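One structure below.
Numbering (our numbering), first residue to last: 7 to 454.
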């Protein structure tokens with residue numbers, strides 16, 4: 007729903023080959039291009055719904071407990087991705103990728119259409135808005151990991167990294183489009199308008215997926231099985247606990263970013279409250295701030311991978327810079343300054359995501375990738391409900407300006423912990439092996 011630090015990543019990373027064309031992968035590969043557009047539509051719809059409902063709650067429906075109401079709504083919107091992770095994994099493993107994605111998008115479209123019809127006929131109860139958010143989030147929790155899992159069968163080996171860059175950028179595009187439209191549509195057409203727009207985008211994505219011809223492996227639901235003549239069968243997958251136990255550096259990095267996400271994702275609670283209570287502005291200001299954050303994240307997704315230096319060093323610097331950016335609205339009450347701060351914070355998020363996802367792709371053993379990325383998504387996703395409820399409740403007790411300073415202060419120890427993690431001997435790049443040098447070199451072009 008948002009652009010958290012370290013978004014999802016492909017479930018496997020085949021060996022790269024040289025690409026014969028310089029055209030972007032979304033133009034060279036029509037199947038991947040169609041699926042990518044469908045992902046932009048679904049994630050933008052989800053973001054528009056969430057931002058629009060939060061603005062609706064703060065401005066008209068939540069009364070004196072607007073912080074808790076909006077925080078609880080955002081928490082509900084993220085629970086399915088965490089709670090349904092085992093179910094989602096089983097569905098994706100048993101059914102064709104195209105079928106799963108088309109059904110998820112169509113289901114979300116029908117839920118949004120029914121909610122829009124109700125909202126046109128009579129004022130929408132808050133409980134129904136929460137229920138619709140839960141169902142839409144459940145559909146999105148199925149669509150996104152299915153696309154991630156299908157990536158190796160949608161694109162050639164040489165295009166895996168470029169396709170990953172586009173996939174990571176999708177959240178930025180969705181945040182930019184959905185965050186911009188949500189409050190503007192609420193101000194112009196109220197709740198029925200924003201939900202009807204979401205319904206149309208979801209249904210369009212479902213049609214786009216349904217008419218797209220996937221490669222044979224993607225239509226059957228999994229990559230083609232290896233020929234027995236190619237060698238002995240692969241070793242059985244290890245338990246998730248064993249995977250993390252054998253990757254102490256990666257485990258520490260994940261814990262650092264989980265802690266950072268508790269602070270950074272709270273911006274989606276703080277931003278509309280700051281607009282209404284401190285700036286005393288309307289939905290256009292919320293749209294401006296959301297657009298600045300989304301544009302910054304998008305820029306980071308495509309430029310951050312080209313920065314020199316080790317990922318841990320880059321991540322530490324970005325966390326420190328993000329802390330400074332989040333502190334700006336706590337000291338300066340100005341719309342332009344807040345927008346600039348959100349752009350900087352977004353760039354840091356996009357940069358961290360590209361550098362560390364590329365690092366994980368080359369550090370985690372291929373057989374362990376499905377389990378590892380499932381753990382990563384669940385761990386990072388679980389922080390969003392906590393952040394939403396915590397900062398939402400705090401927002402009813404202290405001013406939004408103070409909340410901004412709390413966010414900035416909370417990132418400082420996380421940056422220190424990540425720097426300390428990089429000083430340990432098991433950090434990639436510290437031992438000087440050729441493989442680890444390759445990791446540092448290849449992450450420099452992560453999002454082309």
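Idealized CB from N, CA, C, for every residue including glycine.
Small disclaimer: the values here were computed from a predicted structure and weren't measured.
Pair within 7 Å by beta-carbon distance, residue i and residue j
i	j	result
residue 44	residue 215	yes
residue 200	residue 58	yes
residue 136	residue 198	no
residue 322	residue 424	yes
residue 260	residue 116	no
residue 212	residue 147	no
residue 397	residue 275	yes
residue 50	residue 180	yes
residue 258	residue 429	no
residue 152	residue 114	no
residue 327	residue 320	no
residue 2	residue 75	Residue coverage of the chain in this structure runs from 7 to 454, which leaves residue 2 outside it and unanswerable.
When the options are compared against residue i, the one with the closest alpha-carbon
i	options	result
residue 104	129, 38, 368, 126	38
residue 61	109, 331, 282	282
residue 30	102, 161, 139	161
residue 149	122, 171, 165, 102	102
residue 389	265, 176, 65, 325	265
residue 318	211, 212, 262, 32	262
residue 176	395, 40, 367	40
residue 421	307, 292, 267	267
residue 168	308, 119, 118	308
residue 379	335, 92, 112, 66	92
residue 335	119, 411, 419	411
residue 48	112, 339, 95	112
residue 409	248, 123, 46, 272	272
residue 170	325, 359, 418	359
residue 350	325, 287, 371	325
residue 315	100, 66, 365, 123	365
residue 403	34, 166, 71, 36	71
residue 34	287, 166, 371	166
residue 36	291, 277, 301, 219	219
residue 128	370, 196, 371, 203	196
residue 123	46, 203, 370	203
residue 248	371, 106, 83	371
Close-in-space but distant-in-sequence residues of the same chain around residue i (CB under 7 Å, 5 per side omitted)
i	result
residue 305	353, 356
residue 65	282
residue 119	205
residue 297	182, 185, 186
Same chain, Cβ closer than 6 Å to residue i, five either side skipped, listed in chain order
i	result
residue 414	329, 332, 333
residue 299	348, 352
residue 121	138, 201
residue 342	none
residue 42	32, 172
residue 221	159
residue 233	Low per-residue confidence applies at residue 233: pLDDT is 41, beneath 50, and the placement is therefore not dependable enough to give any value.
residue 131	none
residue 395	77, 81
residue 393	268, 271, 272
residue 235	Summary for residue 235: the model assigns pLDDT 40, below 50, so the residue's position carries little reliability, and this model does not support an answer.
residue 418	329
residue 141	117
residue 110	145, 148, 149
Whole-Å CB distance - residue i paired with residue j, under 8 Å assumed
i	j	result
residue 189	residue 279	Not confirmed; about 13 Å, so no contact.
residue 3	residue 269	There is no way to answer for residue 3, as the model of the chain reaches only from 7 to 454.
residue 295	residue 251	Residue 295 to residue 251, Cβ: 42 Å. No contact.
residue 192	residue 289	6 Å
residue 361	residue 311	6 Å
residue 73	residue 293	Actually they do not touch by this definition, with Cβ atoms about 20 Å apart.
8 Å Cβ shell around residue i - same chain, five flanking residues per side excluded
i	result
residue 88	384, 387, 388, 391
residue 339	284, 285, 407
residue 287	281, 341
Residue i beta carbon near the ligand HEM (any heavy atom closer than 6 Å)
i	result
residue 317	As presented, the structure is devoid of all ligands, the ligand HEM included, so that no description of it is given.
Neighbour flag for residue i against chain C, beta carbons, 7 Å
i	result
residue 217	Any reference to chain C falls outside this structure, which holds one protein chain only.
For the structure I just gave you, are there three or more beta carbon pairs, one from the region 184–195 and one from the region 53–66, closer than 8 Å? yes
Check whether the region 69–89 touches the region 196–210, counting contact only when three or more Cβ pairs, one atom from each stretch, lie closer than 8 Å. no
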